[in-house]
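A short write-up of the structure that comes next.
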Ligand code: C2E
Ligand code: CA
Ligand code: CA
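Numbering (the working numbering), first residue to last: 13 to 746.
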């Protein structure tokens, strides 16, 4: 195979052929010898050879040729094929041109014509060798360069890999540094800490170095109560391979923190533990939140006292203890504030809340810390006195509570008076459930309340029977409306100066089928509670209006007869109240001016805007309004003048003391003065003696009502009374 081509150029054909013959003779057939008779032909040959990728070690070129000269061709060749060796054949030697050719064409040699055979063959062989040597050097250089580049690439790649590794290490480090969790790694046997991230410093409140110096420190910082348990964990971990544990630590600053730790053992291929990795989380906040939840589930939000749940649990526990030990005695005190509703309604919920809180604090001062105080909601408190020696312990405390709660309280600049009714239930083997004990204490409390407030009662089985009866009463009340068991009684009201009968107060009575007459003081509160009061009130209004209309028609009166009907707060809140009034007036044909409605002070404090609307509407209908039991509530005087009220009814507790108690007299006097100042009149109720009447007259109180004149009487008796005061209408004036 040919190793390459040698191109000979001469415009003289014979020179070319002799040159070829000559070259062939010593180059044997290793090289192809190509002949060109002109420069352009030579360039074409070069182009073709190049295309076929045949190396051209040498060109031998005549100097003088038509067209492009030999030097020019070689310069051209040099610019395109710099490796090819160039030999110039010259006829006459022109030194300058040779120099040019050497300079510009990198001429290898020039050979004068005619050539010396030996010189030619040596020169040609040397040129070819030098060409191939060059090629080899270039190739080697190339290989070297490539190897070098590869090396460089490898170095760069390695550097990049290292960079990546370093970055990832830095990233890991940064993550570990910024973690809130403690991350650690240690070697077992002998134990040695390998790694601990900076979070440890924040959580434990000590420098990390301390943990490296003292391998036992992690256990030493554990809260003394949890330490024994924690000391077992390394052994446990090696047995299980993985371990989660929660415990407390005690920091140098005294703070206690809850931690949650998770540890894992790393084993080698033979199953031998080589490392322990762990992560520790500060769960103090979670624990606190959990504790708070538990606390909230068991405590009253307003006072922080135990709530019903916790109370029941405690009573249950006490009951269990009492069952195991027959000599063991405890008591449950049920405490209810008297008049709380009045205070709450008239002074506002805010003051009501303050009163509840103050009461809670007072109770706390009165019992031992081992006793439980609970608030059941509203103004109801329960105390478990656990244990007590005998009933006298419970009585003593009930008396102390009663006395203490009677002390006036200053709430938001107001002096508030309250008191408490207390029911006491004693533990006994008959009790099986906490709820029963509580129920009985509650029953005893109700008994205390009914007995006159601000006192205590000890539960007995008779009370239970009565409580059952009360329950029965509630059920009967529903029947009463259907069975038409209510009656209206009428108590006359007189003009104080002259003793003229001006009207009545209508008071309801319940004719119970088996129990006879039941006082409204007994059934009205029950009806208020279960809402039946709205229907009872409606029945009263309708029955009374019918009755007045009958009297109006029957008697010849100087002024319209005025009959008062007591209203309940629930009736006023009934959205259909005005419609009901209108319907009753329309049905009976009665004029509004015959009707008078009695409200209590606390009813004026609630939902003032709405109430104002209703009261104005009543006034439009000519209906008069009185404020009942005036002086016992907390009505704000600044409100009073805004309501279209006509009368203040002086509560009978003041009237009762008017002749021998200076306080009562003063209060009565003020109420009358207040009424007059506000363009109202005063009605005294509960007038029982002549002296009281005289005094009331002196005070200028307009109207009087009471047993002195008459108790509430049924309608026929009232008709008789009217008949004695007024002439019956004749058929003409009917
Ligand atoms: P109240 O509105 O203060 O009615 C006056 C109460 O005093 C009546 O008791 C009456 O019998 C009694 N009383 C009258 N004169 C004297 C007296 O000289 N001395 C004494 N100590 N008491 C006297 P009653 O009829 O037992 O009514 C009790 C309460 O029941 C009433 O008090 C009123 O608040 C309520 N009530 C009665 N009937 C109704 C009603 O139809 N609707 C509503 N919402 N409440 C009613
Ligand atoms: Ca009344
Ligand atoms: Ca009254």
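Each residue gets a CB set at the ideal place from its N, CA and C atoms; glycine is no exception. Everything numeric in this text was worked out from a predicted model, so none of it was measured.
- Whole-number beta carbon distance between residue 86 and residue 113, since they are thought to touch under 8 Å: Within the chain shown, residue 113 is the residue found at index 101, counting from 1. Within the chain shown, residue 86 is the residue found at index 74, counting from 1. Confirmed, Cβ separation roughly 6 Å.
- Item | Nonlocal neighbours in the same chain, by C-beta distance under 6 Å from residue 746, ignoring five residues either side | For the purposes of this step, residue 746 is taken as the residue at position 734 of the chain shown. Reliability of the predicted coordinates at residue 746 is poor, the pLDDT of 46 falling under 50, and the value obtained from them is presented with this limitation in mind. Counting only Cβ-Cβ distances below 6 Å, and skipping sequence neighbours, we find nothing.
- Message: Between which two residues does the alpha helix (DSSP H) holding residue 114 run?
- Response: Numbered from its first residue, the chain shown carries residue 114 at position 102. It spans 107 to 117 - the alpha helix (DSSP H) in which residue 114 sits, taken as one unbroken run.
- Message: Please classify residue 102 as buried or exposed, where buried requires at least 16 other C-beta atoms within 10 Å of its C-beta.
- Response: Here residue 102 refers to the residue found at position 90 when the chain shown is read from its first residue. It counts as buried.
- Consult DSSP for residue 127 and reduce its assignment to one of helix, strand or coil. Here residue 127 refers to the residue found at position 115 when the chain shown is read from its first residue. Residue state, collapsed to three classes: coil.
- Residues in its own chain within less than 6 Å of residue 25 by CB, not counting five upstream and five downstream? If you number the chain shown from 1, residue 25 lands on position 13. Answer for residue 25: no residue qualifies.
- When DSSP labels each residue in this structure, what does residue 49 get in the three-state scheme? Numbered from its first residue, the chain shown carries residue 49 at position 37. Residue state, collapsed to three classes: coil.
- Query: Would the beta-carbon of residue 552 be found less than 8 Å away from any heavy atom of ligand 1?
  - Reply: Within the chain shown, residue 552 is the residue found at index 540, counting from 1. Checking the Cβ of residue 552 against ligand 1 gives yes.
- Item | Start-to-end residues for the alpha helix (DSSP H) that takes in residue 713 | Locating residue 713 in the chain shown gives position 701, counting from the first residue. Under the DSSP assignment, residue 713 falls outside any alpha helix (DSSP H); it carries neither an H nor an E label.
- Task: Flag this pair as touching only if the region 64 to 83 and the region 151 to 168 have three or more C-beta atom pairs under 8 Å; answer yes or no.
- Result: In short, these stretches do not touch, since the Cβ pair count stays below three.
- Task: Look at the alpha carbon of residue 98 and the alpha carbon of residue 62, and state the distance between them as a whole number of angstroms.
- Result: The residue you call residue 98 lines up with position 86 of the chain shown. The residue you call residue 62 lines up with position 50 of the chain shown. Roughly 17 Å between the two C-alpha positions.
- Message: If you reduce the DSSP assignment to three classes, tell me which class residue 611 lands in.
- Response: As a working note, residue 611 is residue 599 in the chain shown. Strand.
- Would you kindly work out how many angstroms separate the C-alpha atoms of residue 454 and residue 474, rounded to a whole number? Walking along the chain shown from the start, residue 454 turns up at place 442. Walking along the chain shown from the start, residue 474 turns up at place 462. Going by the C-alpha atoms only, they are around 14 Å apart.
- Residue range of the alpha helix (DSSP H) that residue 302 falls in? Numbered from its first residue, the chain shown carries residue 302 at position 290. Run containing residue 302: 296 to 310, per the alpha helix (DSSP H) assignment.
- For residue 610 versus residue 661, is the C-beta spacing smaller than 9 Å? Numbered from 1 along the chain shown, position 598 holds the residue referred to as residue 610. Numbered from 1 along the chain shown, position 649 holds the residue referred to as residue 661. Yes, the pair counts as a contact, with Cβ atoms nearer than the cut-off.
- In its own chain, which residues sit with a C-beta less than 6 Å from the C-beta of residue 22, not counting the 5 before and 5 after it? Taking the first residue of the chain shown as 1, we reach residue 22 at position 10. Here the set comprises 28 and 74.
- Would you call residue 574 buried or exposed, if buried means 16 or more other Cβ atoms sit within 10 Å of its Cβ? The residue given as residue 574 occupies position 562 in the chain shown. Buried, by the Cβ-count rule.
- Item | Nonlocal neighbours in the same chain, by C-beta distance under 8 Å from residue 514, ignoring five residues either side | As a position in the chain shown, residue 514 is number 502, starting the count at 1. So the list reads 505, 506, 507, 571, 573, 574 and 715, once near-sequence residues are dropped.
- Task: Alpha carbon to alpha carbon, how far is residue 212 from residue 280? Give it in angstroms, no decimals.
- Result: As a position in the chain shown, residue 280 is number 268, starting the count at 1. As a position in the chain shown, residue 212 is number 200, starting the count at 1. Distance between the alpha carbons of residue 280 and residue 212 is about 28 Å.
- Task: Please indicate yes or no: does the CB of residue 580 lie closer than 8 Å to some heavy atom of ligand 2?
- Result: As a working mapping, residue 580 is identified with position 568 in the chain shown. No, the Cβ of residue 580 stays beyond 8 Å of every heavy atom of ligand 2.
- Nearest to residue 526 by CA position, among 173, 485, 493 and 305, is which residue? The residue labelled residue 526 in the question sits at position 514 within the chain shown. Ranking the options by Cα distance to residue 526, first place goes to 485.
- Cα separation between residue 681 and residue 415? For the purposes of this step, residue 681 is taken as the residue at position 669 of the chain shown. For the purposes of this step, residue 415 is taken as the residue at position 403 of the chain shown. Cα to Cα, residue 681 sits roughly 31 Å from residue 415.
- Would you mind sorting residue 606 into buried or exposed? The rule is 16 or more other CB atoms within 10 Å of its CB. Along the chain shown, read from residue 1 onward, the residue named residue 606 stands at position 594. Buried: at least 16 other Cβ atoms inside 10 Å.
- Message: Using CA atoms only, rank isn't needed, just tell me which of 131, 96, 129 and 413 is closest to residue 119.
- Response: For this step, residue 119 is matched to residue 107 along the chain shown. With respect to the C-alpha of residue 119, the residue from 131, 96, 129 and 413 having the closest C-alpha is 96.
- Message: Under DSSP, the beta strand (DSSP E) around residue 575 begins and ends at which residues?
- Response: Against the chain shown, residue 575 aligns to sequence position 563. From DSSP, the beta strand (DSSP E) with residue 575 extends over 574 to 578.
- Item | Span separating the alpha-carbon of residue 685 from that of residue 544 | Residue numbering aside, residue 685 sits at position 673 when the chain shown is read from its first letter. Residue numbering aside, residue 544 sits at position 532 when the chain shown is read from its first letter. Computed Cα separation, rounded: 37 Å.
- Message: Comparing C-alpha positions only, which one of 615, 640, 656 and 639 sits nearest to residue 627?
- Response: Within the chain shown, numbered from 1, the residue matching residue 627 stands at position 615. Answer by Cα proximity: 656.
- Task: Just the C-alpha distance for residue 261 and residue 268, rounded to the nearest angstrom, thanks.
- Result: Position 249 of the chain shown, counting from 1, holds the residue named residue 261. Position 256 of the chain shown, counting from 1, holds the residue named residue 268. Approximately 6 Å, taken between the alpha carbons.
- Message: Between which two residues does the beta strand (DSSP E) holding residue 469 run?
- Response: On the chain shown, position 457 is the one that residue 469 refers to. Residues 468 to 470.
- Message: Tell me whether residue 519, by its Cβ, gets closer than 8 Å to a heavy atom of ligand 2.
- Response: If you number the chain shown from 1, residue 519 lands on position 507. Checking every heavy atom of ligand 2 against the Cβ of residue 519, one is found closer than 8 Å.
- Grouping DSSP H, G and I as helix and E and B as strand, with all else coil, what is residue 40? Reading the chain shown from its first residue, position 28 is the one you call residue 40. Residue state, collapsed to three classes: coil.
- Message: Nearest by alpha-carbon distance to residue 133: which of 40, 309, 579 and 451 is it?
- Response: Here residue 133 corresponds to residue number 121 of the chain shown, with the count starting at 1. Measuring from the Cα of residue 133, the nearest candidate turns out to be 40.
- Query: If residue 94 sits next to residue 143, beta carbons under 8 Å apart, how far is it from one beta carbon to the other, in whole angstroms?
  - Reply: Taking the chain shown and counting its residues from 1, the one referred to as residue 94 is at position 82. Taking the chain shown and counting its residues from 1, the one referred to as residue 143 is at position 131. The pair is not a contact, with the Cβ atoms about 11 Å apart (cut-off 8 Å).
- Check residue 559 in the structure and name its three-state DSSP category. Here the question's residue 559 lines up with position 547 in the chain shown. If DSSP states are grouped into helix, strand and coil, residue 559 belongs with the helices.
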